[in-house]
Amino acid sequence: MTSQPIHGNYSGYYTKRPSIADLRIASLPENLFRNKTVLDVGCNEGWVSMEIAQRYGARRVIGVDIDETLIRNAWKRRKIVWSLQNSELTSKSRDDRHPHVKRRELGRHEDGIVPEAIDHSADSLMSLREAHYFPASLSFSFGTLPLSTVGAEDPVAFPHNVTFRTANWVASSGIPEDSGGYDVILALSITKWIHLNDGDEGILAFFKRVFETLRPGGKFILEPQSWDGYAKAKRMDPRLKETAAGIKLRPEDFGKLLQEFGFSIAERLGPIGEGGFRRDVDIFMKPARDGDSTCQT
Numbered sequence: 005m006t007s008q009p010i011h012g013n014y015s016g017y018y019t020k021r022p023s024i025a026d027l028r029i030a031s032l033p034e035n036l037f038r039n040k041t042v043l044d045v046g047c048n049e050g051w052v053s054m055e056i057a058q059r060y061g062a063r064r065v066i067g068v069d070i071d072e073t074l075i076r077n078a079w080k081r082r083k084i085v086w087s088l089q090n091s092e093l094t095s096k097s098r099d100d101r102h103p104h105v106k107r108r109e110l111g112r113h114e115d116g117i118v119p120e121a122i123d124h125s126a127d128s129l130m131s132l133r134e135a136h137y138f139p140a141s142l143s144f145s146f147g148t149l150p151l152s153t154v155g156a157e158d159p160v161a162f163p164h165n166v167t168f169r170t171a172n173w174v175a176s177s178g179i180p181e182d183s184g185g186y187d188v189i190l191a192l193s194i195t196k197w198i199h200l201n202d203g204d205e206g207i208l209a210f211f212k213r214v215f216e217t218l219r220p221g222g223k224f225i226l227e228p229q230s231w232d233g234y235a236k237a238k239r240m241d242p243r244l245k246e247t248a249a250g251i252k253l254r255p256e257d258f259g260k261l262l263q264e265f266g267f268s269i270a271e272r273l274g275p276i277g278e279g280g281f282r283r284d285v286d287i288f289m290k291p292a293r294d295g296d297s298t299c300q301t
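Taking the working numbering, the leading residue of the sequence shown gets 5, the next gets one more, and so forth.
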């Protein structure tokens, strides 16, 4: 793969975002992910995938990204996220491994991170404070905790309810989990890169695959980048510039295109985020019964 992140596969992308909790996910309906099977396309290093799996009650989350290095980092980060949360097993294991560190001291956020504000109060949802109960410095100093075994009483508990795969989900034949379908599919800040790499045909193929792999009544969460952002991105590589020259569709057309595929607009959340990361987020719904696609690629 080229050294340039021509697929939007930036290393450390989510460390540049200003909030600990992802504002896009926090703005979605609280029960959207509860007991659901979720696909996060273009998951990068798995930050959003793990937040959904850990805090929002998802039954299963699959993160897929074209970049093998990012996926390796996602698996590593899964251990770190598990080690930072406040759970009976985590606390017991940490006390056993680091008896010289008092629990009262561990509860302090020594790295300066003090989670506030977004805190879902439902019993089955983990609060932001509980997810970041231990300071990140502890994992760096002493290593991560061993993952728990999958228990018969709670087989879909974090971290076992999140997995990652390396694949070009649009251009390839997909991933094994596709066969069972998904209740929710996320496409957060990835349409620009699909569009610039594969043109109008590629973005249409992506929307078609999303529709086909969603279960009836499933939701598609879309955060498209604006057309203005294409100009800078296409300068990364001559191939992107060449593809951009042939693009006729615009991001503002995506809503209409998705309706032609059979989606309905469930909710427009408007612009979410801060600074250069402030973009519109929309929720589209597949009909409760399968319908024929009216848009052909």
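Every residue gets a Cβ at the ideal spot worked out from N, C-alpha and C, and that includes glycine.
No experiment lies behind these values; they were computed from the predicted model shown.
Quiz item: Pick from Asp182, Ala57 and Ile194: whose alpha carbon is nearest that of proline 9?
Solution: Ile194
Practice problem: Identify whether alanine 161 lies in helix, strand or coil by the three-state DSSP scheme. | Solution: coil
Quiz item: Do you know offhand how far serine 87's Cα is from phenylalanine 162's?
Solution: 11 Å
Quiz item: Span of the beta strand (DSSP E) holding serine 53?
Solution: From DSSP, serine 53 is part of no beta strand (DSSP E) but of the alpha helix (DSSP H) over 51-59.
Quiz prompt | glycine 250 burial status per 10 Å Cβ neighbour count (16 or more: buried) | solution = exposed
Quiz prompt | Residues near proline 291 by beta carbon distance below 6 Å, same chain, minus five either side | solution = none
Practice problem: Rank Lys196, Gly279 and Thr217 by C-alpha distance to the C-alpha of lysine 238 and give the top, closest one. | Solution: Lys196
Quiz prompt | DSSP bridge partner residues for arginine 169 (one or two, in chain order) | solution = Val68
Quiz prompt | Same chain only: Cβ atoms within 7 Å of phenylalanine 210, ignoring 5 sequence neighbours per side | solution = Val174 and Ile198
Quiz item: Starting from isoleucine 10 and walking both ways along the beta strand (DSSP E), at which residues does that stretch end?
Solution: From DSSP, isoleucine 10 is part of no beta strand (DSSP E); its letter is neither H nor E.
Quiz item: What do you reckon, are the CB atoms on tryptophan 79 and phenylalanine 168 nearer than 7 Å?
Solution: yes
Self-check item: Neighbour-count burial assignment, aspartate 232, 16 or more Cβ in a 10 Å radius
Solution: exposed
Quiz item: With a CB to CB cut of under 7 Å and the five nearest residues on each side skipped, what residues in its chain are close to valine 160?
Solution: Arg63 and Arg64
Quiz item: CB-CB under 8 Å to asparagine 165, same chain, minus the five flanking residues each way: which ones, in chain order?
Solution: Ala57, Ala62, Arg63, Arg64 and Val65
Quiz prompt | Buried or exposed by the 16-neighbour rule on C-beta atoms within 10 Å, applied to valine 285 | solution = buried
Quiz item: What's the C-alpha gap between arginine 293 and phenylalanine 215?
Solution: 12 Å
Quiz item: Taking only runs of the beta strand (DSSP E) that begin and end inside the segment 196-248, which ones reach a length of at least 3 residues, in chain order?
Solution: 218-227
Exercise. Give the secondary structure of phenylalanine 37 by DSSP, where H, G and I count as helix, E and B as strand, and everything else as coil.
Key: coil
Practice problem: Consult DSSP for arginine 293 and reduce its assignment to one of helix, strand or coil. | Solution: coil
Quiz item: Quick one: Cα of aspartate 204 to Cα of alanine 25, how far?
Solution: 33 Å
Practice problem: To the nearest angstrom, report how far apart proline 275 and alanine 191 are at their CA atoms. | Solution: 15 Å
Quiz item: Does the distance from the C-beta atom of leucine 27 to that of glycine 277 stay below 7 Å?
Solution: yes
Quiz item: Going by the beta-carbon positions, is the gap between arginine 272 and glutamate 227 smaller than 7 Å?
Solution: no
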